[in-house]
Amino acid sequence: MALPQLTDEQRKAALEKAAAARHARAELREKIKKGAISLESVLNSDDPIASRMKVSTLIESLPGYGKAKAAKIMDELGISATRRVQGLGVRQREQLLAQLTK
């Protein structure tokens, strides 16, 4: 399927929207890192920025967790590396919370 040809205005608007989403995601990650927002509130949030975040990115945002620990936890829980927060099932959310709040 061919990509649609965008006008200059459409392209500019799309780039601005993407930049705003990256900025909002970075702010959310910073709040998680500082402890201003809990993991549970992010997992149960209706916020589109939080729900579209990859689970691995969410775990890596937590203090004391990096790529290796995040990959290990996701592997143990059987969560795909490409899974996003909105795609987690109820049981996966519960297991993730239990694993990360030990």
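So the sequence shown is numbered by our numbering: it starts at 53 and just counts up by one. From the three backbone atoms N, C-alpha and C, an ideal C-beta is built for every residue, glycine too.
Problem - As assigned by DSSP and simplified to three states, the class of ARG136 - result: Looking at ARG136 - three-state DSSP - the assignment turns out to be strand.
Handout entry: Reduced DSSP secondary structure (H/G/I, E/B, other) of LYS106
Key = LYS106 carries a strand assignment under DSSP once its states are collapsed to helix, strand and coil.
Problem - Segment limits, alpha helix (DSSP H) that includes LYS83 - result: Element bounds for LYS83: 60 to 86.
Handout entry: Three-state secondary structure assigned by DSSP to LYS119
Key = In the structure shown, LYS119 falls within a helical segment according to DSSP collapsed to helix, strand and coil.
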